[in-house]
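Before any comments, here is the structure.
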Amino acid sequence: MSFTDLFVSFWWLIFPVFGMGMGFWGMISSERRSARVLDLIKSYVDQGKEPPAELLKLATSDEELVVNSPTGRRQNNAWSFVVFAALAAGFGVGYYFVRAEDYAFAFLIVAVVMAVMAVGALFIVLTSRANDK
Amino acid sequence: MVELFRDFWWLMFPMFGMLMAVIHALKDNARQDAILRDARTQLERKP
Numbered sequence: 046m047s048f049t050d051l052f053v054s055f056w057w058l059i060f061p062v063f064g065m066g067m068g069f070w071g072m073i074s075s076e077r078r079s080a081r082v083l084d085l086i087k088s089y090v091d092q093g094k095e096p097p098a099e100l101l102k103l104a105t106s107d108e109e110l111v112v113n114s115p116t117g118r119r120q121n122n123a124w125s126f127v128v129f130a131a132l133a134a135g136f137g138v139g140y141y142f143v144r145a146e147d148y149a150f151a152f153l154i155v156a157v158v159m160a161v162m163a164v165g166a167l168f169i170v171l172t173s174r175a176n177d178k
Numbered sequence: 030m031v032e033l034f035r036d037f038w039w040l041m042f043p044m045f046g047m048l049m050a051v052i053h054a055l056k057d058n059a060r061q062d063a064i065l066r067d068a069r070t071q072l073e074r075k076p
């Protein structure tokens, strides 16, 4: 089997491997940074000094800050809706172009899953807005 | 090789996205390292 054949058969593995690599790297670096931040904050407290605001912000990561505020949560869900809707549209168009092929069902499945996710995200945005009032 | 490119030219776009994600992650890491370095320098400075 040549490299070309191998690539043609397994090109799709690029995405899960990349995702796993980034996830693993993010987990390791986040763990290491949290330990360093806490250690530094402890040193500040031991010396009776006020830790810098940026350091405290690092301790509660940006993601947590966004997730914990109602506005941030709504923006997150709105963005999820946009992403899933775009993916559903993209895979829907892909399905339309290859609908005569044997593998067209794969595009349709992904498009339907993405559409369901988009509808779910939209539902969460709308219900959270109603709950905040 | 030309055939491979003709079949998979569209992979350029997700590849570009992945490259941007890696660059973004590296820049974010560098920013956080800079904050930690500054905080440590500030801590070690005599009052």
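Taken in sequence, the protein lines are chains A and B.
Read in order, the letters of the first sequence correspond to residues 46 to 178 in the working numbering.
Read in order, the letters of the second sequence correspond to residues 30 to 76 in the working numbering.
The beta-carbon is built from N, C-alpha and C at its ideal position, and this holds for glycine as well.
Backbone CA spacing between R35/B and Q120/A [nearest angstrom] = C-alpha separation (whole angstroms): 39 angstroms.
Proximal chain B residues relative to V82/A, where beta-carbon distance stays under 8 angstroms = Chain-ordered, the chain B residues with CB closer than 8 angstroms to the CB of V82/A read L65.
Which runs of the alpha helix (DSSP H) fall wholly inside the region 40 to 75 of chain B and span at least 4 residues, in chain order?
-> Taking only runs of at least 4 residues, the alpha helix (DSSP H) segments lying wholly in the region 40 to 75 of chain B are 41 to 73.
Is it true that the CB of P97/A sits closer than 7 angstroms to the CB of A68/B?
-> In contact: A68/B and P97/A (Cβ atoms closer than 7 angstroms).
7 angstroms Cβ cutoff, F63/A in contact with chain B = Against chain B, the CB of F63/A has a partner CB under 7 angstroms away; the residue lies at that interface.
Cβ of M159/A within 7 angstroms of Cβ of A133/A?
-> Contact: yes.
Grab the span of the alpha helix (DSSP H) containing A145/A for me, first residue to last.
-> No alpha helix (DSSP H) contains A145/A, which DSSP labels as neither H nor E.
Tell me where the alpha helix (DSSP H) around K102/A begins and ends.
-> From DSSP, the alpha helix (DSSP H) with K102/A extends over 98 to 104.
Proximity below 7 angstroms, CB of A156/A to CB of Y140/A = Closer than 7 angstroms, so yes.
Chain-ordered neighbours of W124/A on chain B, where CB pairs are closer than 8 angstroms | Residues of chain B passing the Cβ test: none, with the nearest at roughly 15 angstroms.
Just how far apart, CA to CA, sit I169/A and A131/A?
-> CA-CA distance, I169/A to A131/A, rounds to 18 angstroms.
Nonlocal neighbours in the same chain, by C-beta distance under 7 angstroms from V143/A, ignoring five residues either side | The beta carbon of V143/A sits closer than 7 angstroms to those of A149, F152, all from its chain and outside the five residues before and after it, given in chain order.
Could you check how far apart the C-beta atoms of W57/A and F37/B are, in whole angstroms? I think they sit under 8 angstroms.
-> Not quite, the Cβ-Cβ distance comes to about 11 angstroms (not below 8 angstroms), so this is no contact.
Assign F129/A to buried or exposed, taking buried as 16 or more other Cβ atoms, counted over all protein chains shown, within 10 Å of its Cβ.
-> When all chains shown are included, F129/A counts as buried.
By Cβ distance below 6 angstroms, which residues in the same chain neighbour G137/A in space, the five residues on each side in sequence not counted?
-> Cβ neighbours of G137/A beyond the five flanking positions: A156.
According to the Cβ coordinates, are F126/A and L167/A closer than 7 angstroms?
-> The answer is yes: Cβ separation under 7 angstroms.
The alpha helix (DSSP H) enclosing E76/A, as first and last residue numbers | Its alpha helix (DSSP H) spans residues 59 to 91.
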